[in-house]
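Those letters in the sequence shown? Residues 1 to 120, per the UniProt record's numbering, in order.
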Amino acid sequence: MANYAKCQILCNLLFAMFAILFISSRLGVYPVWILNTTFFESWEIVGPYPSWWVFNLLLILLQLLHSFWSYLIVKTACRAISKGKVGKWNPLHVSSPKGDHFNLSGVRCARFTFMSLAAM
(Lines of atoms letter the chains of each structure in order from A and count residues from 1; the text may use other names and numbers.)
(Lines give C-alpha, C1' and ligand atoms only; values in the text may rest on other atoms or scores of the structure.)
Protein backbone atom coordinates (compact mmCIF):
# COMPACT_ATOMS: atom_id res chain seq x y z
CA MET A 1 0.00 0.00 0.00
CA ALA A 2 2.91 2.33 0.65
CA ASN A 3 3.94 1.92 -2.99
CA TYR A 4 0.55 3.14 -4.20
CA ALA A 5 0.75 6.08 -1.78
CA LYS A 6 4.13 6.99 -3.38
CA CYS A 7 5.96 6.63 -0.03
CA GLN A 8 9.18 5.17 -1.40
CA ILE A 9 11.16 5.43 1.84
CA LEU A 10 8.42 3.55 3.69
CA CYS A 11 8.44 0.91 0.92
CA ASN A 12 12.19 0.47 1.33
CA LEU A 13 11.94 0.21 5.11
CA LEU A 14 9.10 -2.32 4.95
CA PHE A 15 10.95 -4.41 2.37
CA ALA A 16 14.13 -4.36 4.48
CA MET A 17 12.20 -5.40 7.60
CA PHE A 18 10.41 -8.13 5.63
CA ALA A 19 13.67 -9.46 4.21
CA ILE A 20 15.43 -9.51 7.60
CA LEU A 21 12.52 -11.18 9.38
CA PHE A 22 11.86 -13.70 6.60
CA ILE A 23 15.47 -14.79 6.23
CA SER A 24 16.22 -14.94 9.95
CA SER A 25 13.08 -16.91 10.77
CA ARG A 26 13.09 -19.24 7.76
CA LEU A 27 16.83 -19.94 7.62
CA GLY A 28 17.62 -19.53 11.32
CA VAL A 29 14.75 -20.37 13.64
CA TYR A 30 12.96 -22.97 11.50
CA PRO A 31 15.90 -25.34 10.96
CA VAL A 32 17.30 -24.98 14.48
CA TRP A 33 14.08 -25.41 16.43
CA ILE A 34 11.47 -27.06 14.23
CA LEU A 35 13.54 -29.42 12.10
CA ASN A 36 15.78 -30.36 15.03
CA THR A 37 12.71 -31.25 17.10
CA THR A 38 10.99 -33.26 14.38
CA PHE A 39 14.13 -35.13 13.30
CA PHE A 40 15.80 -36.01 16.57
CA GLU A 41 13.53 -35.43 19.55
CA SER A 42 10.42 -36.97 18.00
CA TRP A 43 12.44 -40.05 16.96
CA GLU A 44 13.53 -40.56 20.59
CA ILE A 45 10.04 -39.97 22.03
CA VAL A 46 7.78 -41.78 19.56
CA GLY A 47 10.15 -43.92 17.53
CA PRO A 48 9.93 -44.66 13.83
CA TYR A 49 6.51 -44.83 12.25
CA PRO A 50 5.52 -44.59 8.56
CA SER A 51 4.06 -41.10 8.63
CA TRP A 52 7.21 -39.78 10.36
CA TRP A 53 9.12 -40.19 7.09
CA VAL A 54 6.45 -38.44 5.03
CA PHE A 55 6.09 -35.61 7.54
CA ASN A 56 9.83 -34.95 7.70
CA LEU A 57 10.20 -35.20 3.92
CA LEU A 58 7.57 -32.48 3.54
CA LEU A 59 9.35 -30.34 6.15
CA ILE A 60 12.62 -30.71 4.21
CA LEU A 61 10.81 -29.71 1.03
CA LEU A 62 9.48 -26.65 2.84
CA GLN A 63 13.03 -25.78 3.95
CA LEU A 64 14.22 -26.02 0.34
CA LEU A 65 11.43 -23.66 -0.70
CA HIS A 66 12.42 -21.25 2.09
CA SER A 67 16.00 -21.30 0.80
CA PHE A 68 14.87 -20.58 -2.76
CA TRP A 69 12.56 -17.76 -1.68
CA SER A 70 15.33 -16.26 0.45
CA TYR A 71 17.63 -16.36 -2.56
CA LEU A 72 15.02 -14.47 -4.59
CA ILE A 73 14.58 -11.86 -1.85
CA VAL A 74 18.35 -11.31 -1.58
CA LYS A 75 18.65 -11.15 -5.37
CA THR A 76 15.90 -8.51 -5.52
CA ALA A 77 17.53 -6.50 -2.73
CA CYS A 78 20.95 -6.64 -4.41
CA ARG A 79 19.45 -5.54 -7.72
CA ALA A 80 17.66 -2.65 -5.98
CA ILE A 81 20.83 -1.52 -4.23
CA SER A 82 23.09 -1.80 -7.28
CA LYS A 83 20.76 -0.33 -9.91
CA GLY A 84 18.64 1.92 -7.73
CA LYS A 85 15.45 0.26 -8.92
CA VAL A 86 14.00 -3.19 -9.35
CA GLY A 87 12.85 -2.78 -12.93
CA LYS A 88 9.65 -4.00 -14.49
CA TRP A 89 7.43 -5.29 -11.75
CA ASN A 90 4.38 -6.20 -13.81
CA PRO A 91 4.60 -8.02 -17.14
CA LEU A 92 1.29 -6.47 -18.22
CA HIS A 93 2.88 -3.02 -18.52
CA VAL A 94 4.06 -2.04 -21.98
CA SER A 95 6.36 0.93 -22.61
CA SER A 96 5.74 3.28 -25.46
CA PRO A 97 8.68 4.92 -27.31
CA LYS A 98 8.04 8.15 -25.33
CA GLY A 99 8.51 6.35 -22.02
CA ASP A 100 4.83 6.37 -21.09
CA HIS A 101 3.59 3.16 -19.54
CA PHE A 102 0.28 1.56 -20.43
CA ASN A 103 -1.25 -1.71 -19.35
CA LEU A 104 -2.84 -4.04 -21.89
CA SER A 105 -6.23 -2.31 -21.57
CA GLY A 106 -4.68 1.01 -22.65
CA VAL A 107 -4.87 2.71 -19.24
CA ARG A 108 -1.85 4.89 -18.41
CA CYS A 109 0.16 3.54 -15.47
CA ALA A 110 2.77 5.04 -13.18
CA ARG A 111 6.29 3.76 -13.67
CA PHE A 112 7.56 1.62 -10.79
CA THR A 113 10.90 2.67 -9.35
CA PHE A 114 12.68 1.38 -6.30
CA MET A 115 15.12 3.68 -4.50
CA SER A 116 18.17 1.89 -3.27
CA LEU A 117 18.33 0.98 0.37
CA ALA A 118 21.81 2.48 0.52
CA ALA A 119 20.43 5.95 -0.19
CA MET A 120 18.45 5.94 3.03
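C-beta: ideal position from N, C-alpha, C; glycine also. Every value quoted in this text rests on a predicted model; they were computed, and no experiment measured them.
May I have the straight-line CA-CA distance separating residue i from residue j, to the nearest angstrom?
i	j	result
Leu72	Lys83	16 Å
Ile45	Ser25	26 Å
Ala19	Ala5	21 Å
Phe55	Pro48	12 Å
Val29	Phe39	15 Å
Ser42	Pro50	13 Å
Cys78	Ala16	11 Å
Residues in its own chain within less than 7 Å of residue i by CB, not counting five upstream and five downstream?
i	result
Ala2	Leu10, Cys11, Leu14
Return yes when the C-beta of residue i is under 8 Å from any heavy atom of the ligand HEM, and no when it is not.
i	result
Ile20	As far as ligands go, the structure on display features none, and thus does not contain the ligand HEM.
Ordered along the chain, which non-local residues of its own chain (more than five positions away) have a Cβ less than 8 Å from that of residue i?
i	result
Phe22	Trp69, Ser70, Ile73
Trp52	Ser42, Trp43, Val46
### Query
Does the segment 54 to 66 come close enough to the segment 28 to 40 that 3 or more CB-CB pairs lie under 8 Å?
Contact holds: three or more Cβ-Cβ distances are below 8 Å.
### Message
Extract the residue ranges of the alpha helix (DSSP H) inside the UniProt domain "TLC" (1 to 75), only unbroken runs of 4 or more that lie entirely within it.
### Response
8 to 24, 42 to 45
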